[in-house]
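Everything below concerns the one structure shown next.
Residue numbers (UniProt numbering): 1 to 657.
What follows is the structure in structure tokens.
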């Protein structure tokens, strides 16, 4: 009899293949979506982490506004867990290339060969002469810049760090320091770094190192996106911070004493030989250096970890967004799977009531009979989920990566099989299908054998609401009447129809709402909040400033204008942990005129710009968890020193952070 029971179970699958395939497909979709979405974030992180490891990218960049001494470098290299270090000179400047101006960040390439922060050559060759440079190619390309183009900086930008102000591009490279389109912010030009250059060390003057990259030996086996990695790096940095302040002060006082000594020497020389243009020029240079030192109130070093690297932070944020999506989106597919399983298994069990009664009369236990239907449902779920998980792991990350890859300078995404997510997706789908099936068969097994062998008594005749409205009901065709009765008298069918319509309508409305909202954002931002038509950045050249002033004061060309200062600034808060953001700090010359150009408001109330404190946007307030009265930390990229500022207002801005 056991053999006949098993044959009957197998024959049941063959005879209801359409129903069986529907369970396979819904399991395929549900498990595939869950597994695929869960896999995207770790696959993105693994791809980025392996790339950074292959490039031997540093864990932290240490910067000093007044450079490093040999003693500083020696102490850093001898610090516990420091395995590699690389000194470099860096500066930002606005450069002219092929008649276009770009904000560029320049690094020196060490003369000594090192594996740290390797440059992957895409085209051309690495610099071999003092006037040669390579450019880092961002994912969106290098625009109209070509090999052999000249890059020209002004003397103000190079600040005497380089031997020349013009370099020739001889190669195109990729760098682990810049894995994203966003290449950082700058106090020069537009405020955003357009391109990054690496120049031969021989193109820089001696003893100008103002940055050092450090790699720790206890981070090699850690994933850069993990909390463990961040904790270990911070612990290692704290070892350097123990002596960093003292070393910074020593360096500061040494430079100050050196300037004083040189000024005294020039003063003595002037008394002996009299004044000369050369002495005047040297005095002017020394005074400028001294003023620069005076602006640094508290000498210190500044540390930038991978998490504070703008490109890395964006990749981390994108991965986190996909992780969040994976916790919500698959619910829709599991709900559909539950409804399909409920309808399919209920109908099959109702059709086989007599067969169930026959099995009971032959002595089969309830558990044995239940196993017949569980095998049916579980086998369909196992087949569908298994193929769905494989397809999800292979397909979804590819599709998502194709959208993100235009922003990343990373290799193709690594597709991995995640056993944890596979088991989670499979077990979740099994629980849903088995639960529905067991509940359905359990209701029937509560009846006696005699009741099961007897055809189910049809429910008492019921009339639906439409039947009571004769003017409508009599005009419906027979098939329309049957359809209406099936929907309103069969609760499960009605539930599926309602849920299906709700889901489809919700997706459509959400899509149109998102489109409409996205289209209305620019209109709201640029017509009601930011009212000006354009901004113009001017250099420190008095001659150019005078030309600009002539234009903006010409009423036939410009109706209104407002002068001010716009600086890139790094902000953070005690409420948001280690999170840091780069925003623009705007200081109008006449605050009373600001409302004519930018509207500061919240809940329809205008916000005054006070003499003390700052007004921040609602976007940055949310990210840093700030409210009015809290303190926000800000650091000008040209200043290095962090200042605490009181938040006096939070204004609505839709697009601007």
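From the three backbone atoms N, C-alpha and C, an ideal C-beta is built for every residue, glycine too.
Since the structure is predicted, the reported quantities are computational estimates derived from the model, not experimental observations.
> Since residue 659 and residue 24 are thought to touch, with beta carbons under 8 Å apart, how far apart are those beta carbons, to the nearest angstrom?
Replying inline: Examination of residue 659 is not possible in this model, given that the chain is present from 1 through 657 alone.
> In chain order, which continuous runs of the alpha helix (DSSP H) of length 4 or greater are located wholly inside the stretch 128-158?
Replying inline: 155-158
> Can you tell me whether residue 644 is buried or exposed, with buried defined as 16 or more other CB within 10 angstroms of its CB?
Replying inline: Translated into positions along the chain shown, residue 644 becomes position 644. With a 10 Å radius around the Cβ and a threshold of 16 neighbouring Cβ atoms, residue 644 comes out exposed.
> What residues match up with residue 197 in a beta bridge as DSSP calls it?
Replying inline: As a first step, residue 197 must be located in the chain shown, where it is residue number 197. Answer is 106, 135.
> Just checking my contact of residue 454 with residue 374 at CB under 8 Å: how many whole Å lie between their CB atoms?
Replying inline: Residue 454 sits at position 454 when you count from the first residue of the chain shown. Residue 374 sits at position 374 when you count from the first residue of the chain shown. Going by Cβ atoms, the distance from residue 454 to residue 374 rounds to 25 Å, so no, they are not a contact pair.
>> Taking only three categories from DSSP, how would you classify residue 476?
In response: To locate residue 476, count along the chain shown from 1; it is residue 476. If DSSP states are grouped into helix, strand and coil, residue 476 belongs with coil.
> residue 219 lies in the alpha helix (DSSP H); which residues open and close that run?
Replying inline: Taking the first residue of the chain shown as 1, we reach residue 219 at position 219. Neither: residue 219 is in no alpha helix (DSSP H) and is coded neither H nor E.
> Hey, out of 632, 429, 259, whose CA is closest to residue 288's CA?
Replying inline: Numbered from its first residue, the chain shown carries residue 288 at position 288. Here the closest residue by C-alpha is 259.
> According to the neighbour-count rule (16 or more other Cβ atoms, all chains shown, within 10 Å of its Cβ), is residue 475 buried or exposed?
Replying inline: The count along the chain shown starts at 1 and reaches residue 475 at position 475. With fewer than 16 Cβ atoms within 10 Å of its Cβ, residue 475 is classed as exposed.
>> Using a Cβ-Cβ cutoff of less than 8 Å, which residues in the same chain neighbour residue 515 once the five nearest sequence positions on both sides are dropped?
In response: Translated into the one-based positions of the chain shown, residue 515 becomes position 515. Cβ neighbours of residue 515 beyond the five flanking positions: none.
> Anyone know if the C-beta pair for residue 128 and residue 108 falls short of 8 Å?
Replying inline: Position 128 of the chain shown holds residue 128. Position 108 of the chain shown holds residue 108. Cβ atoms of residue 128 and residue 108: not closer than 8 Å.
> Considering only residues of the same chain and omitting the five flanking positions on each side of residue 117, which have a CB-CB separation below 8 Å?
Replying inline: In the chain shown, the residue the question calls residue 117 occupies position 117. Excluding sequence positions up to five before and after residue 117, its CB lies within less than 8 Å of the CB of 55, 56, 57, 58, 86, 175, 176, 177, 213, all in the same chain and listed in chain order.
> How many Å lie between residue 263 and residue 257 at the Cα?
Replying inline: Taking the chain shown and counting its residues from 1, the one referred to as residue 263 is at position 263. Taking the chain shown and counting its residues from 1, the one referred to as residue 257 is at position 257. Each residue's alpha carbon lies about 10 Å from the other.
> Is residue 37 closer than 8 Å to residue 329 when the C-beta atoms are compared?
Replying inline: Here residue 329 refers to the residue found at position 329 when the chain shown is read from its first residue. Here residue 37 refers to the residue found at position 37 when the chain shown is read from its first residue. The answer is yes: Cβ separation under 8 Å.
> Got a sec, what are the start and stop residues for the beta strand (DSSP E) residue 92 sits in?
Replying inline: For this step, residue 92 is matched to residue 92 along the chain shown. Counting along the chain, the beta strand (DSSP E) containing residue 92 begins and ends at 90-97.
>> Quick check: the Cα distance between residue 215 and residue 613, rounded to an integer number of angstroms?
In response: Taking the first residue of the chain shown as 1, we reach residue 215 at position 215. Taking the first residue of the chain shown as 1, we reach residue 613 at position 613. Whole-angstrom Cα-Cα distance: 39 Å.
>> Please tell me whether residue 571 and residue 561 are closer than 8 Å, where the distance is taken between their beta carbons.
In response: Translated into positions along the chain shown, residue 571 becomes position 571. Translated into positions along the chain shown, residue 561 becomes position 561. No. Outside cutoff.
> Skipping 5 residues on each side, what residues in its chain have a beta carbon closer than 8 Å to that of residue 334?
Replying inline: Numbered from its first residue, the chain shown carries residue 334 at position 334. Close CB contacts of residue 334 within its chain, under the 8 Å cut and outside five residues either way in sequence, are with 30, 34, 428, 429, 432 (chain order).
>> Can you tell me which residues form a DSSP beta bridge with residue 568?
In response: Counted from its first residue, the chain shown places residue 568 at position 568. DSSP lists 584 as partners of residue 568.
> Between 533, 188, 565, which lies nearest to residue 559 when the distance is taken from Cα to Cα?
Replying inline: Along the chain shown, one-based indexing puts residue 559 at 559. Considering only alpha carbons, the answer is 533.
> By DSSP, does residue 60 sit in helix, in strand, or in coil?
Replying inline: Counting from one through the chain shown, the residue named residue 60 turns up at place 60. Residue 60 falls in the strand class under three-state DSSP.
> So is residue 17 buried or exposed if we call it buried at 16+ other beta carbons inside 10 Å?
Replying inline: Counting from one through the chain shown, the residue named residue 17 turns up at place 17. That one is exposed.
> Which of the three DSSP states, helix, strand or coil, is assigned to residue 644?
Replying inline: Numbered from its first residue, the chain shown carries residue 644 at position 644. In the three-state scheme derived from DSSP, where H, G and I count as helix and E and B as strand, residue 644 is classed as strand.
>> Quick check: the Cα distance between residue 250 and residue 209, rounded to an integer number of angstroms?
In response: By 1-based counting over the chain shown, the position of residue 250 is 250. By 1-based counting over the chain shown, the position of residue 209 is 209. Looking at the two C-alpha atoms, the distance is approximately 16 Å.
>> Which residue wins for smallest C-alpha separation from residue 48, given the options 140, 312, 394?
In response: Position 48 of the chain shown, counted from the start, is the residue given in the question as residue 48. Nearest C-alpha to residue 48: 312.
>> For residue 355 and residue 368, I'd like the C-alpha separation in whole angstroms.
In response: Looking up residue 355 in the chain shown gives position 355. Looking up residue 368 in the chain shown gives position 368. Their Cα atoms are separated by approximately 13 Å.
>> If you follow the alpha helix (DSSP H) that residue 412 is in, where does it begin and where does it stop?
In response: What you label residue 412 is simply residue 412 of the chain shown in a count that begins at 1. Element bounds for residue 412: n/a, residue is neither H nor E.
> In this structure, does DSSP put residue 603 in helix, strand or coil?
Replying inline: The residue you call residue 603 lines up with position 603 of the chain shown. Of the three classes helix, strand and coil, the one that applies to residue 603 here is coil, per DSSP.
>> Give the list of continuous beta strand (DSSP E) stretches no shorter than 3 residues that lie fully inside the stretch 225-311.
In response: With a minimum length of 3 residues, the continuous beta strand (DSSP E) runs that stay inside the stretch 225-311 are 302-305.
>> Tell me which residues share the same chain as residue 64 and place their Cβ nearer than 8 Å to its Cβ, disregarding the 5 neighbours each side in the sequence.
In response: If you number the chain shown from 1, residue 64 lands on position 64. For residue 64, where only same-chain residues beyond five positions count, the Cβ hits under 8 Å are 72, 210, 211, 248, 251, 301, 302.
>> Rounding to the nearest angstrom, what Cα-Cα distance links residue 579 and residue 52 in this structure?
In response: Indexing the chain shown from 1 puts residue 579 at position 579. Indexing the chain shown from 1 puts residue 52 at position 52. When rounded, the distance between both Cα atoms is 21 Å.
> Under a three-way DSSP split, which group does residue 185 fall into?
Replying inline: The sequence position of residue 185 within the chain shown is 185, counting from 1. Note: residue 185 maps to strand in three-state DSSP.
> For the beta strand (DSSP E) that residue 634 lies in, which residues bound it at each end?
Replying inline: If you number the chain shown from 1, residue 634 lands on position 634. Counting along the chain, the beta strand (DSSP E) containing residue 634 begins and ends at 631-636.
> DSSP three-state call for residue 650: helix, strand or coil?
Replying inline: The residue given as residue 650 occupies position 650 in the chain shown. Residue state, collapsed to three classes: strand.
> Residues in its own chain within less than 6 Å of residue 600 by CB, not counting five upstream and five downstream?
Replying inline: Translated into the one-based positions of the chain shown, residue 600 becomes position 600. The residues are 607, 615, 651.
>> Tell me the residue span of the alpha helix (DSSP H) that contains residue 68.
In response: Here residue 68 refers to the residue found at position 68 of the chain shown. Counting along the chain, residue 68 falls outside any alpha helix (DSSP H), and DSSP gives it neither H nor E.
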